Amino acid sequence: METRELRYFVAVAEELHFGRAAQRLTMAQPPLSRAIQRLERRLGVVLLHRNPRAITLTQAGSVLLRQARLALEAVEAAEHRTRRAAADKPGMVLATKAGASGELLLKLLDAYAAEPGAVAVEVVVCGPGETENLLRNGRADVALLLKPYDTTAGFDTEDLHTEGQVVVLPAGHPLANRTHMSMAEVNALTDLPLPRWPRPDGSYPDGPGPQVRDHTQLTQLIRLGRACAVMPESLRAQLRDDHAIVPVPDAPAVTTVIAWPPHSRSKAIADLVRTANTLLADNIRKCPPIERFSGNE
Numbered sequence: 001m002e003t004r005e006l007r008y009f010v011a012v013a014e015e016l017h018f019g020r021a022a023q024r025l026t027m028a029q030p031p032l033s034r035a036i037q038r039l040e041r042r043l044g045v046v047l048l049h050r051n052p053r054a055i056t057l058t059q060a061g062s063v064l065l066r067q068a069r070l071a072l073e074a075v076e077a078a079e080h081r082t083r084r085a086a087a088d089k090p091g092m093v094l095a096t097k098a099g100a101s102g103e104l105l106l107k108l109l110d111a112y113a114a115e116p117g118a119v120a121v122e123v124v125v126c127g128p129g130e131t132e133n134l135l136r137n138g139r140a141d142v143a144l145l146l147k148p149y150d151t152t153a154g155f156d157t158e159d160l161h162t163e164g165q166v167v168v169l170p171a172g173h174p175l176a177n178r179t180h181m182s183m184a185e186v187n188a189l190t191d192l193p194l195p196r197w198p199r200p201d202g203s204y205p206d207g208p209g210p211q212v213r214d215h216t217q218l219t220q221l222i223r224l225g226r227a228c229a230v231m232p233e234s235l236r237a238q239l240r241d242d243h244a245i246v247p248v249p250d251a252p253a254v255t256t257v258i259a260w261p262p263h264s265r266s267k268a269i270a271d272l273v274r275t276a277n278t279l280l281a282d283n284i285r286k287c288p289p290i291e292r293f294s295g296n297e
């Protein structure tokens, strides 16, 4: 199969409409239809169920969609990494989510810069869902991801830090002085709904909460009394006095991980990961074990 055919199929499988897929690919519909038919004949399978009202994927089509996305990501990643490898000055691109892991990242960059042979590190600050995508498509060499919010499948990773979560409320809210809240109580806040973040395709899930695009927009909405948010505890340092922080002991713990492509042979990535592990070991020796919120803080 050619990458061109895979791109054609992914467009049709995602749009489930030949006309929209053809517009997305900036081509006419008849040659697109013929290309998909040739692909089906070559594979000897039916990829799409076609009828006048709708197009649906067959089981074989669903499998090809998953594999085609991975293959196209790998091709794109190879292109980006090959071009960076040929650059006159060696460097590394690190992706991180806006507002997350700020103190940890600063310590890591300072420690790595002091290492012999350290290369320049370009830090790319991403919006929701973008960090993982940049690492998968090769635009980033390494990333700081947050489990369980980011998917680490397919990457090599090292855990760096685990912490509890808090709910962020407007400072004047009646619950702002609570010692702790449960996730059930947070979800029941009809006057302060949780925000809705965009999906990978740009659409938003249904719900009463406001649509948000970035951390700055979210904190402003909270300040105005239009939303609340559950965040890693470390983000409290970036909030203003007009926000209130309440621990949520039963919220899932958040783990910051450093992630990189599997089977990487990059010395720069290896050195950065080694530096991160050294920092982690130093923190473990200096600090008491990380504990979840006890509920009486």
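When you line the sequence shown up against the UniProt record's numbering, it's residues 1 to 297, in that order.
Quick reminder that beta carbons are idealized off the backbone N, C-alpha and C, glycines included.
In this text the structure is predicted, and so the values were computed from the model without any measurement.
First and last residue of the uninterrupted alpha helix (DSSP H) at Thr131: In the sequence shown, counting from the first residue as 1, residue 131 sits at position 131. That run of the alpha helix (DSSP H) goes 130–136.
Beta-carbon proximity of Val45 to Thr58, cut-off 9 Å: In the sequence shown, counting from the first residue as 1, residue 45 sits at position 45. In the sequence shown, counting from the first residue as 1, residue 58 sits at position 58. For Val45 and Thr58, yes; Cβs fall inside 9 Å.
Backbone secondary structure at Ala28 - three-state DSSP: Stepping through the sequence shown from its first residue, residue 28 is reached at position 28. It is coil, neither helix nor strand.
At least 3 beta-carbon pairs within less than 8 Å: the stretch 199–213 vs the stretch 176–188: no
Three-state class that DSSP yields for Arg38 in the structure shown: To locate residue 38, count along the sequence shown from 1; it is residue 38. In the structure shown, Arg38 sits in a helix (DSSP, three-state: H, G or I).
Beta-bridge pairing of Gln165 - partner residues as DSSP gives them: Residue mapping note: residue 165 aligns to position 165 of the sequence shown, counting from 1. Beta-bridge pairing links Gln165 to Pro232, Val248.
Residue from Gln67, Glu2, Arg66, Arg223 whose Cα sits closest to the Cα of Ile36: Against the sequence shown, residue 36 aligns to sequence position 36. Checked all of Gln67, Glu2, Arg66, Arg223; the closest Cα to Ile36 is Glu2.
Reference Arg42, options Arg24, Glu73, Glu5, Glu14, closest by Cα: Reading the sequence shown from its first residue, position 42 is the one you call residue 42. If we check each option's Cα against that of Arg42, Glu5 comes out closest.
Per-residue DSSP class, three states only, for Gly122: In the sequence shown, residue 122 corresponds to position 122, counting from 1. Sequence check: residue 122 is Glu here, not Gly. Looking at Glu122 - three-state DSSP - the assignment turns out to be strand.
Selected residue, minimal CA-CA separation from Thr162, among Lys267, Leu145, Leu175, Ala153: Here residue 162 is taken as the residue at index 162 of the sequence shown, counted from 1. Looking at the Cα atoms, Leu145 is the closest of the given residues.
Assigned exposure category for Pro195 - 16 Cβ within 10 Å defines buried: Locating residue 195 in the sequence shown gives position 195, counting from the first residue. The residue in question, Pro195, is buried, as its Cβ has 16 or more Cβ neighbours within 10 Å.
Exposed unless 16 or more other CB atoms sit within 10 angstroms - verdict on Asp150: Counted from its first residue, the sequence shown places residue 150 at position 150. Under this definition Asp150 is a buried residue.
Cut-off 7 Å between Cβ atoms - residues of its own chain near Trp197, not counting five sequence neighbours on either side: Position 197 of the sequence shown, counted from the first residue, corresponds to residue 197. Pro128, Val212.
Length of the line joining the Cα atoms of Thr56 and Ala13: Here residue 56 corresponds to residue number 56 of the sequence shown, with the count starting at 1. Here residue 13 corresponds to residue number 13 of the sequence shown, with the count starting at 1. C-alpha separation (whole angstroms): 8 Å.
Status (buried if at least 16 other CB within 10 Å, exposed otherwise) for Asp206: In the sequence shown, the residue the question calls residue 206 occupies position 206. The residue in question, Asp206, is exposed, as its Cβ has fewer than 16 Cβ neighbours within 10 Å.
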